[in-house]
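Working notes for the structure below.
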Amino acid sequence: MDLTTVWFLLIAGLFTGYFILEGFDFGVGMLLPALGRNDRERRVMINTIGPVWDGNEVWLITAGGAMFAAFPEWYATLFSGFYLPLLLILLALIIRGVAFEYRHKRPEASWKKRWDTAIFIGSLIPAILWGVAFANILRGVPLDADHEYIGGLTDLLNPYALLGGATTATLFATHGAVFIALKTVGDIRHRARTLALRLGLAAAALATTFLTWTLTIRHNTAATTLAVTAALALLAGLAATRARREGWAFTGTALAIALTVATLFTALFPNVLPSTADPTGTLTATNAASTHYTLTIMTWVAVLFTPVVLAYQGWTYWVFRKRIGVAHIPQN
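Dropping the structure here:
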């Protein structure tokens, strides 16, 4: 296996980790108005992700950095062509991060309500736009022979991409509801479990349609196997939710997200950004890659530091593994 393939797989793995971990963050944020009946319940929901949400975003930063260093042509074309959607994602993440920090600074209900709305919007927009972005990456966008994006915003808002956005939003919402049920006690836990079942059925229908459409665009035997396994993992997660086994349910939804991302990257390879305008403009893992020397240095850095990062993040989740409930939240 050459280094370009290795780094394609590593970037796929980084985005997989990001969508699994940040996926339940987005889900909790999106469900804040629906599940939190009062301020203390909303504080419980925020506290389930409070110690980890900012660490989860490191996966995105690392994935972007790896793409920039390993496949600079892919990075340049993607970030210029998808400038507006990616800018909206960045602004939403900034607003969401500020909302987490500022919500508790003042006691007024109106103040908290405004920041709760910011958390909801800052979670919903990325949840949709990431699906739109990756659907367009797989489908292809208009590129000229110099690998320059020659389309407009309307080219990115096609039916397939919008279906991708709806799929990721519902998958993340389901994942978030299962995570809340896993991390809480009391009435909010039961309501989260019930909501997870309802959202999961919608997510299963959308994901099945999206993956089926995906395989008609980029037919691939391995991708088909992964797509079927992703559907089975989601159904298994919903069955575990119904059986009140939140740990297995979370494993199921996490696997469903991981296998969905794996399906997309498997169907995409060896391309990294197909061209729908000029076939010679298609970016592949070969013509978009850095030099062999650069990839070699990056590989050694990854080998040395990746275990340290994984160990630290695993320790963080272990420390904050306990369930919480309204009883743990002071009334004032």
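Each residue of the sequence shown is one higher than the last, beginning at 2 in this note's numbering.
We put the beta carbon where it would ideally sit given N, CA and C, even for glycine.
Asked, Found
"Exposure of ALA244, with buried meaning 16 or more beta-carbon neighbours within 10 Å", "exposed"
"First through last residue of the beta strand (DSSP E) which encompasses VAL273", "272-274"
"Within 8 Å, strictly: CB atoms of HIS220 and PHE25", "no"
"Integer-rounded CB distance, given that PRO86 should sit under 8 Å from LEU130", "5 Å"
"Per-residue burial, VAL45 [other beta carbons within 10 Å of its own, 16 or more giving buried]", "buried"
"Where the alpha helix (DSSP H) through PHE1 begins and ends", "Outside the displayed range of the chain (2 to 333) lies residue 1, so it cannot be described from this structure."
"Which listed residue (GLY30, THR210, ARG115 and PRO127) has its alpha carbon closest to that of LEU88", "PRO127"
"Bounding residues of the alpha helix (DSSP H) (the contiguous stretch that carries ASP117)", "110-140"
"Beta carbon proximity, THR171 to chain B, threshold 8 Å", "Of the chains in the structure shown, none is chain B; there is only one protein chain."
"Helix, strand or coil at LEU10 [DSSP, three-state]", "helix"
"Nearest residue (CA-CA) to GLY14, options THR317, THR78, GLY326 and LEU311", "LEU311"
"Where ILE50 falls: helix, strand or coil (DSSP)", "helix"
"Which residues DSSP lists as bridging LEU144, in chain order", "TYR150"
"With 16 other Cβ atoms within 10 Å as the buried cut-off, status of PHE251", "buried"
"CB contact flag (ALA241, TRP249, <8 Å)", "yes"
"Endpoints, alpha helix (DSSP H) assigned at HIS191", "188-218"
"Extent of the continuous alpha helix (DSSP H) run through ILE298", "293-320"
"Backbone CA spacing between VAL99 and ASP3 [nearest angstrom]", "42 Å"
"Under the three-state DSSP convention, the category THR283 falls into", "coil"
"Residues bridged to ILE325 (per DSSP)", "THR185"
"Spatially closest choice to ASN272 from VAL29, GLU74 and ILE47, by CA coordinates", "GLU74"
"Classification of HIS148 by the beta-carbon crowding that lies within 10 angstroms, buried from 16 upward", "buried"
"DSSP-derived helix/strand/coil call for ARG97", "helix"
"Per-residue DSSP class, three states only, for GLU58", "coil"
"Beta-carbon gap between ALA182 and ALA197 smaller than 8 Å", "yes"
"Of the listed residues PHE121, ALA223 and GLY166, nearest to PHE266 (C-alpha basis)", "ALA223"
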